Every structure is written in C-alpha cells, then in structure tokens.
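Same order as they appear, the protein sequences are chains A and B. Under numbering that gives the first Met the number 0, the first residue of the first sequence is numbered 0, with each subsequent residue one higher. Under numbering that gives the first Met the number 0, the first residue of the second sequence is numbered 0, with each subsequent residue one higher.
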Amino acid sequence: MEKYSGFGLLKHALSYHENWQRAWRNPTPKKKYDVVIVGGGGHGLATAYYLAKEHHITNIAVVEKGYLGGGNTARNTTIVRSNYLWDESSHLYEHAMKLWEGLSQDLNYNVMFSQRGVLNLGHTLQDMRDIQRRVSANRLNGIDSEVLDTQQVADIVPIMDCSPNTRYPVLGASWQPRAGVARHDAVAWGYARAADQLGVDLIQQCEVVDILTEDGAAVGVETRQHGTIKADRIGCVVAGNSSVLAKMAGFNLPLESHPLQALVSEPIKPILDTVVMSNHVHGYVSQSDKGDLVIGAGIDGYNGYGQRGSYGTIEHTIQAIVELFPIFSRVRMNRQWGGIVDTCPDACPIISDTPVENLFFNCGWGTGGFKATPGSGHVFAATLAKGEAHELARPFSMFRFHDGALIDEHGAAGVAH
Amino acid sequence: MFSIYCPYCEEHREEEEFHAKGQAHIARPRDPESCSDKEWGEYLYFRDNPRGLHHELWVHAAGCRKFFNITRDTQNYEIKETYKIEAEPRITATQAQ
C-alpha cells in the first residue's frame, strides 16, 4: 500500500491523479474468522484497526449492510470534545481525545481534526452552576476546561447576540479549547484503509440477518448475500439497529432508537471559527471547511428507523440558532437529513459482554458517538481480544441497568452531544 | 409531520400537540419488593424497540392532556391505529406476518 504524502500528491499530479491505488480491497468473505465485526461505520472500523494493530489479530471481517461509513458516521455534525461530568465517561472520552490528537499521523490519512474549541453556553443561573461543577470535575480529571463570562464569550464569538435583552441571555459558557471538529468521512475511510492494510477483510453490501448460537454461545452470523460466516467472537457495532441484532441473539437492550436530524446551509464565507452549543435553547452550530453552517439539535421524541424526522424538530432547531445568531436569519438551508441513534436511559454508551457468550455489543452512544470513535474502537478492540471488558469499558456494561450503577450524563450530553 | 387522531378528542390534530412517551403496555410489577434486581432493571430500562410495528404511549400534551396508545410502523412511520389507554391493540406484529 502506498504511503500518502505531500511528495506523493505532487508525483500523482504529473499523471493527472489517474493512477491512485484503491484505498482498500473488496474481498469475498472466508468461511471463518477469529473475529467478525458487524457494522462498518467509524466505531466498527476503528475496532478492526486496533484489533489488528495492537492485539495482532488480523483474521477479522467487518461486515456492513450498506457501504463503509454510510450510517451515522456520514450523518453526524462532527463535534469532538471530552468535557463530561463523571469520571467514568470523562476518562473514556478523554482517551478518545488523546487518540484524535495523533490520529492523522497514526492512520496516514488526514482526518482534518481541527481543535477550534467548543463553547457550551449557559443561559440561566442553574446552567452556570452546572457549568462550574462540570468544569471543576473536568479539571480534576486533567481535561482542559474553563468557565467564561458573557464578555469572554462575546470576544470569542462576536457575531453572537450576547446582549442582556434577549429572551435567553448568554450568561457565560464552558470552553474546551482542545475540542473541535473532524472530517467524518475521512475518519471512516482512514480507519478502513489502515485496517485493510493490516489484512482485515472489509465486506460491504453484506447484511446480517441472524446471529447463530450453539449452547448459549455465538458461533457466527448468517448473511443475506454471503451465507454463513463463522466466528470465534462477534462484535456488534450497529448503532440504531443494535436492538434488532440483539433480538436475533434472543435478548433485549435498554435502548430506544430515535431519529436525529441535522442540516447544513448554503456555503458562506468564514464567519464562525469555533463550535457553539446550547443545551438550554437546544441547538448547536459550527462552520465546515466548505463554508456551510452545520446545525443540529435534539432527537425526535418517537422511536423510528426511517432515517428521517419531523419538520417540527427542524423548526425548533432553527429558532434556537436564529435566537443566538440573528445574523444567520436570512441564510438559506441547503440539505437536511436524519440518522438513527440508539439512546440509552443514562445517556452513556454500552460496551459490554452480553447474555450470549462470545457476543459483544458496542452501542447506545445515542447522539454523541462520533467524538468517541477512536476511543470506542480502542477499548472495544481490547474487550474483544481478551474476552473481557477493557478497564475503561468496565463501567459501561449493559448489566449496569440491572444493578443500578448508572452513569448519568444527561447534563453533559443533553442536546449538546 | 404526523396527523394524529386523538381517541379522546375524536379529532385529527398536528404532531406538535403530542409527545411520544415510549413503549406502551408496560405493566408495573405487582409486588416491586419481591422483584430481583434483574427483573426490576428490565421493567425500568429494557425496551422492545422493534424495527416495524410498535405499540407506543403518547400524550395529547397541548390538547386534552390524556394518555393514549398508538400502533405505528417505525420504518415508514405509518400510524396504523390509535386507541384508548385501557384498550388492547387490534393490529399486532404477529397478525401482520
């Protein structure tokens, strides 16, 4: 596999960029693998990559019903941050953040990780108390985080309406300078290319229709296109469809799948060089490198698998953004879409063994999985390799919903996932 | 945008008037004290979450404020029926198969 470099770019320019190698193979699946990963999104591909790289298990298949990175990886608003409240989750997301910081070099693929900072606004006294608590907790965990007052927020984002006369005045914010955005497709493609290079079979257009079990242990998957694929261990990383796969194996998960919508505007000149999120007025916005404003908010209230939501939710989102940024009121929206997120009752993920032996689930990331992609893959790879939870994954067992050890991150997650 | 028939108001109203409240027909254990942690956890948190027909609890929040049930397809979002809180669904997944 050729290494990407500036020199390579120059070399290929001489042949009009017509001779680039394919980024990954398109193999026919073998009959049996050591590990089969169901779901070829960012998390699944990252899992495969770290299994091959750090645990030297290379007899792996990633089976994907559509195309790589075509689900929520393609649909999210690309925000990366780690300012969570509780130790368990902040350790996990900070683990991911540290991997993000070296990811482009590690994968030899530019994931366009841009640490432009994230603001979480406070609009009420209670918001500000929560922000102070969360920032203090972050600092105790070694995560960069600051409390800003209204003037400091206005200095960072001069176009935002920070006057005291608004319906929901900006009283301040938490600010994580190391947070930012990354190019979502590049993350999937970078992991796919790097995993393929280490010998992982990436099998697209291959839908799992059943999980095969013998004596309470998973032994393989039945696929629509390629029949039976046997495996010693199976990892399911299928986001919104996790409950469907769990049902194939005969158990329920504490998940509900909801549509989450996002939208982008027409491209405009650079105007917003950071990420602004507000739990209270319910919206978040950043500007992509193409110049479009990337806007999102909360989930639609009902369960759904249709990858679309209701117009009412879009209206509420836009109301919040225009309240904060009156200057955007005449920007036209270009595209709108929905993805299916698997929400957990405590707004924290599940990285866990299951009632079925050799079957593991990495799910429940809800509205905020993208930021965790490298960390999620890293700890899930270790979990699959050893057959028991990685230290950072241990608190995120699905069985915490039996013993009550929930990790309530609704505050840090909120809309503002 | 859904147009939802409220079985109490006996009218179709816009989705904005309603809130979805999750899976319907979840019976509270008769004797919570005698539940194991597993049984109580499953009652509180574990849900069907089907891809297909689903029975859901909704509330007419900006209307009569009454709770009622909807049978809905979670893939194409088609509302099959709405029925009062104490009623049983007429359309179920096993019938559809």
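Even glycine gets a Cβ: it sits at the ideal position worked out from N, Cα and C. Bear in mind the structure is a predicted one, so any value in this text is a computation, not a measurement.
Nearest-angstrom Cβ-Cβ length linking residue i and residue j, presumed shorter than 8 Å
{"i": "A/Val355", "j": "A/Thr212", "result": "6 Å"}
{"i": "A/Arg177", "j": "A/Met96", "result": "7 Å"}
{"i": "A/Thr316", "j": "A/Asp299", "result": "Not a contact, Cβ separation roughly 11 Å."}
{"i": "A/Val236", "j": "A/Thr46", "result": "6 Å"}
{"i": "A/Ala51", "j": "A/Leu197", "result": "4 Å"}
{"i": "A/Ile210", "j": "A/Leu244", "result": "7 Å"}
{"i": "A/Asp288", "j": "A/Asp345", "result": "Between A/Asp345 and A/Asp288 the Cβ distance is about 34 Å, and since that is not below 8 Å, they are no contact."}
{"i": "A/Thr72", "j": "A/Val186", "result": "7 Å"}
{"i": "A/Ala194", "j": "A/Leu67", "result": "A/Ala194 to A/Leu67, Cβ: 10 Å. No contact."}
{"i": "B/Thr73", "j": "B/Gly40", "result": "The Cβ separation is near 24 Å, so there is no contact."}
DSSP three-state assignment for residue i, whether helix, strand or coil
{"i": "A/Gly239", "result": "helix"}
{"i": "A/His389", "result": "coil"}
{"i": "A/Leu8", "result": "helix"}
{"i": "A/Arg331", "result": "coil"}
{"i": "A/Phe360", "result": "strand"}
{"i": "A/Thr227", "result": "strand"}
{"i": "B/Glu1", "result": "The sequence shown places Phe at residue 1 of chain B, not Glu. In the structure shown, B/Phe1 sits in coil (DSSP, three-state: anything other than H, G, I, E or B)."}
{"i": "A/Val263", "result": "strand"}
{"i": "B/Glu13", "result": "strand"}
{"i": "A/Gly38", "result": "coil"}
{"i": "A/Leu271", "result": "coil"}
{"i": "B/Asp36", "result": "helix"}
{"i": "A/Asn278", "result": "coil"}
{"i": "A/Lys246", "result": "helix"}
{"i": "A/Gly376", "result": "helix"}
{"i": "A/Val61", "result": "strand"}
{"i": "A/Arg307", "result": "coil"}
{"i": "B/Gln96", "result": "Any reading at B/Gln96 must be qualified, since the residue scores a pLDDT of 49, below 50, and its modelled position is unreliable; the value itself is stated next. Three-state DSSP puts B/Gln96 in coil, outside helix and strand."}
{"i": "A/Val186", "result": "helix"}
{"i": "A/Ile130", "result": "helix"}
{"i": "A/Gly297", "result": "strand"}
{"i": "A/Asp288", "result": "coil"}
{"i": "A/Ser396", "result": "coil"}
{"i": "A/Asp86", "result": "helix"}
Short Cβ contact (8 Å threshold) for residue i with residue j
{"i": "A/Gly368", "j": "A/Leu254", "result": "no"}
{"i": "B/Ala60", "j": "B/Glu16", "result": "yes"}
{"i": "A/Ser89", "j": "A/Asn140", "result": "yes"}
{"i": "A/Leu106", "j": "A/Val169", "result": "no"}
{"i": "A/Val330", "j": "A/Leu292", "result": "yes"}
{"i": "A/Gly22", "j": "A/Arg182", "result": "A quick correction: the sequence has Ala, not Gly, at residue 22 of chain A. Cβ distance not < 8 Å, so A/Ala22 and A/Arg182 don't count as in contact."}
{"i": "A/Leu383", "j": "A/Gly290", "result": "no"}
{"i": "A/Ser241", "j": "A/Asp341", "result": "yes"}
{"i": "A/His122", "j": "A/Val280", "result": "yes"}
{"i": "A/Ile350", "j": "A/Asn361", "result": "yes"}
{"i": "B/Gly21", "j": "B/Arg46", "result": "yes"}
{"i": "A/Phe400", "j": "A/Pro348", "result": "no"}
{"i": "A/Gly337", "j": "A/Pro258", "result": "yes"}
Assigned exposure category for residue i - 16 Cβ within 10 Å defines buried
{"i": "A/His409", "result": "exposed"}
{"i": "A/Trp19", "result": "exposed"}
{"i": "A/Val61", "result": "buried"}
{"i": "A/Lys268", "result": "exposed"}
{"i": "A/Gly282", "result": "buried"}
{"i": "A/Ser14", "result": "exposed"}
{"i": "A/Asp200", "result": "buried"}
{"i": "A/Glu63", "result": "buried"}
{"i": "A/Met159", "result": "buried"}
{"i": "A/Ala216", "result": "exposed"}
{"i": "A/Pro157", "result": "exposed"}
{"i": "B/Asn93", "result": "According to the sequence shown, residue 93 of chain B is Thr rather than Asn. By the neighbour-count rule (16 or more Cβ atoms within 10 Å), B/Thr93 is not buried but exposed."}
{"i": "A/Met397", "result": "buried"}
{"i": "B/Arg126", "result": "The displayed coordinates of chain B run from 0 to 96. Any statement about residue 126 of chain B would go beyond what the structure contains."}
{"i": "A/Tyr310", "result": "exposed"}
{"i": "A/Leu8", "result": "exposed"}
{"i": "B/Ala23", "result": "buried"}
Beta-bridge partners of residue i, as assigned by DSSP
{"i": "A/His257", "result": "A/Val340"}
{"i": "B/Thr81", "result": "B/Ile69"}
{"i": "B/Arg46", "result": "A/Leu252"}
{"i": "B/Gln22", "result": "B/Glu55"}
{"i": "A/Gln151", "result": "A/Gln151 is not bridged to any residue."}
{"i": "A/Arg209", "result": "Looking at the sequence itself, residue 209 of chain A is Asp, so the reference to Arg does not match. BP columns for A/Asp209 point to A/Glu221."}
{"i": "A/Ala172", "result": "A/Leu120, A/Leu147"}
{"i": "A/Lys31", "result": "A/Lys229"}
{"i": "A/Ala216", "result": "A/Glu213, A/Glu356"}
{"i": "A/Asp200", "result": "A/Ala60"}
Residue-level contact to chain D via CB, residue i, 8 Å cutoff
{"i": "A/Asn251", "result": "Checking the listed chains, one finds no chain D in this structure; the protein chains it contains are A and B."}
Contact test: residue i Cβ vs the ligand SAH heavy atom, cutoff 7 Å
{"i": "A/Val236", "result": "This structure does not include the ligand SAH; it has no bound ligands of any sort."}
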